[in-house]
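Everything on this sheet refers to the single structure shown next.
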Amino acid sequence: MTDATPNDDMTGPSVEAQLETARTLQAIASRLLVWSADMTSTIVDPDDLEDARRAMSDLSDELSWAAQRLDDMLDDDGEGDGHDDEA
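When we follow the numbering used here, the leftmost residue of the sequence shown carries the number 331, and every step to the right adds one.
The structure is reproduced here in structure tokens:
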């Protein structure tokens with residue numbers, strides 16, 4: 331783990347790191363809701379369709395980053411596999 335520091339009882343990521351990740355996921359979810367509401371109207375302009383594709387690609391990248399960050403936060407054994415095998 332690079333950005334997440336252990337909390338006081340040394341059992342996992344800091345509260346700050348957990349809150350930062352939660353805020354990121356909340357922001358992404360909010361953007362997805364707005365995007366899906368916008369998509370309910372019919373897209374007839376090819377430029378609009380391309381913009382929507384780019385927006386989804388960007389959101390996909392952000393979700394992948396957030397998922398990797400959560401995986402890293404749970405990877406307490408340092409093996410990079412996303413699992414705490416030291417138990």
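Cβ atoms here follow ideal geometry from the backbone N, Cα and C, with glycine treated the same way.
Any chance the region 343-350 sits against the region 379-390, with 3 or more Cβ pairs inside 8 Å?
-> By the Cβ rule, the region 343-350 does not count as touching the region 379-390, because fewer than three pairs are nearer than 8 Å.
Assumed close pair T351, M403 - CB separation to whole angstroms, cut-off 8 Å: 7 Å
Query - Host alpha helix (DSSP H) of S390 (start-end) - result: P376 to L404
Checklist entry - Measuring CA to CA, which of L400, Q398 and W365 is closest to D381? => result W365
- Item | Residues near A396 in its chain [Cβ-Cβ closer than 6 Å; skip 5 each side] | T354 and L355
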